[in-house]
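Residue numbers (my numbering): 175 to 556. The beta carbon of each residue, even a glycine, is placed where N, CA and C say it ideally should be. Given the structure is predicted, the values throughout are model-derived calculations rather than measurements.
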Ligand SMILES: Cc1cc2nc3c(=O)[nH]c(=O)nc-3n(C[C@H](O)[C@H](O)[C@H](O)COP(=O)(O)OP(=O)(O)OC[C@H]3O[C@@H](n4cnc5c(N)ncnc54)[C@H](O)[C@@H]3O)c2cc1C
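So, in structure tokens, the structure goes:
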């Protein structure tokens, strides 16, 4: 589908292709995924045809070796028409990429190679009932036994939970050490909770995942079972940029809808787009989208180049794009008047979907703490 690093023109060609796919195959189902709270199976088929799942994996695992910017553009274009579909792909990547990065050859052959065909769904299990923001205070335990590992504990709010084949689980391996483990849906002792009822991203199933003496073979420990803290800290830098892409896509989608509606609707004998106050709103919305895009793409470059600023830039991009998504979708509803409050227009769904981007992958208060620490550290101050 694409070369590892592309020039500017190639990224735009890549975006155009995705926009066409999203318009033809994803957008027509978006309202139904939401109203029926149904997993986006049709989107999964479309990802498979385009080989989208393999974009985030290296060539030696059978992937396309796409850089972070290309992954973000993909999530942005999906998010522009359907936040649920964008999230589904993002979480498949978030669950499987740590296995590709750190897993043994045996585990990668078992999990990653088959996943490149696009049929595998995955989850990433970090949050627990007592620990969301305080992620590393988690209680789930993995105990080493002669023939493998035994997991006990409970994970909360897990995306894709009721549809996943593989669950990548962060668990305590010692008093001060954490490890990452690959659990299969058929492993004994894996128990799925009921699907949560949510404000938005309703097509994306969210549920508890509990481990009750869940036994897995030794090779399912992903990499070094004492390096989970480092693996997940690195992974969160990347996934925060991905969520920035989803949020930016939602904001762009709402802006596009607002431009369309205000160009067609008439009041006082004029289209809404002729009123200066409406134009000022559109100008502010477009400025937020473009500012978010510039910040997000510089975060992607920092991650791809291994820059020391990557973590803070990813937090800034996630913070700015998600706050902008909430503001832009709210204004888009306002510009639709009464119609904006009805489920007949996509901006109603977009506003509900935008809210979660300020919460998951670390609430925006936590992003601000990370950014401020980086700024003070850089200044050598306290
Ligand atoms: C739909 C959905 C999907 C999700 N998907 C996944 C998933 O796939 N995998 C996964 O592991 N997790 C997932 N999550 C969990 C998500 O990442 C957490 O909900 C999030 O990190 C916040 O944790 P919490 O809910 O425990 O909130 P808390 O940590 O209890 O925080 C509540 C609020 O307190 C404030 N707060 C907390 N700490 C601080 C602080 N230090 N300083 C200032 N204010 C603070 C903030 O306002 C925050 O919003 C998902 C959640 C939802 C709702």
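Confirm the yes/no value for this check: CB of residue i, any heavy atom of ligand 1, distance under 6 Å.
i: residue 530; result: yes
i: residue 292; result: no
i: residue 366; result: no
i: residue 539; result: yes
i: residue 332; result: yes
i: residue 269; result: no
i: residue 306; result: yes
i: residue 298; result: yes
i: residue 550; result: no
i: residue 341; result: no
i: residue 405; result: no
i: residue 534; result: yes
i: residue 380; result: yes
i: residue 301; result: yes
Going by DSSP, name the residue or residues bridged to residue i.
i: residue 141; result: What is shown of the chain runs 175 to 556, which leaves residue 141 out entirely.
i: residue 541; result: Partner(s): none; residue 541 has no beta bridge.
i: residue 364; result: 385
i: residue 523; result: Looking at the DSSP assignment, residue 523 forms no beta bridge with any residue, so it has no partner.
i: residue 298; result: 342
i: residue 395; result: 355
i: residue 441; result: 444
i: residue 305; result: 302
i: residue 390; result: 323
i: residue 375; result: Answer is none; residue 375 lacks a bridge partner.
i: residue 380; result: 333
What is the C-beta distance between residue i and residue j, in whole angstroms, given that I count them as a contact (C-beta under 8 Å)?
i: residue 325; j: residue 357; result: 7 Å
i: residue 433; j: residue 462; result: 14 Å between Cβ atoms; not a contact.
i: residue 297; j: residue 269; result: 5 Å
i: residue 486; j: residue 544; result: 6 Å
i: residue 514; j: residue 521; result: 5 Å
i: residue 525; j: residue 504; result: 6 Å
i: residue 369; j: residue 380; result: 7 Å
i: residue 378; j: residue 262; result: 6 Å
i: residue 312; j: residue 344; result: 6 Å
i: residue 423; j: residue 184; result: Between residue 184 and residue 423 the Cβ distance is about 20 Å, and since that is not below 8 Å, they are no contact.
i: residue 216; j: residue 199; result: 7 Å
i: residue 484; j: residue 473; result: 7 Å
i: residue 222; j: residue 292; result: 3 Å
i: residue 404; j: residue 535; result: With a Cβ gap of about 18 Å, residue 404 and residue 535 do not count as contacting.
i: residue 351; j: residue 396; result: That pair is no contact at about 14 Å.
For residue i, count neighbouring C-beta atoms within 10 Å of its own C-beta (all shown protein chains included) and say buried if the count is 16 or more, exposed if not.
i: residue 209; result: exposed
i: residue 498; result: buried
i: residue 550; result: exposed
i: residue 329; result: buried
i: residue 302; result: buried
i: residue 562; result: The question about residue 562 has no answer, for the chain in this structure spans 175 to 556.
i: residue 192; result: buried
i: residue 442; result: exposed
i: residue 338; result: buried
i: residue 181; result: exposed
i: residue 554; result: exposed
i: residue 272; result: buried
i: residue 177; result: Its pLDDT being 48, under 50, residue 177 is placed unreliably by the model, and the measurement read from it follows with that caveat. It counts as exposed.
i: residue 353; result: buried
i: residue 214; result: buried
i: residue 637; result: This structure gives no information on residue 637, because the portion of the chain shown stretches from 175 to 556.
i: residue 257; result: buried
i: residue 249; result: buried
i: residue 429; result: buried
i: residue 373; result: exposed
i: residue 279; result: exposed
i: residue 162; result: Because the chain spans 175 through 556 in this model, residue 162 falls outside it and cannot be assessed.
i: residue 533; result: exposed
i: residue 362; result: exposed
i: residue 139; result: Nothing about residue 139 can be read from this structure; the chain reaches only from 175 to 556.
i: residue 307; result: exposed
i: residue 527; result: buried
i: residue 319; result: exposed
Is the Cβ of residue i closer than 7 Å to any Cβ of chain B?
i: residue 324; result: The structure shown contains no chain B, having only a single protein chain.
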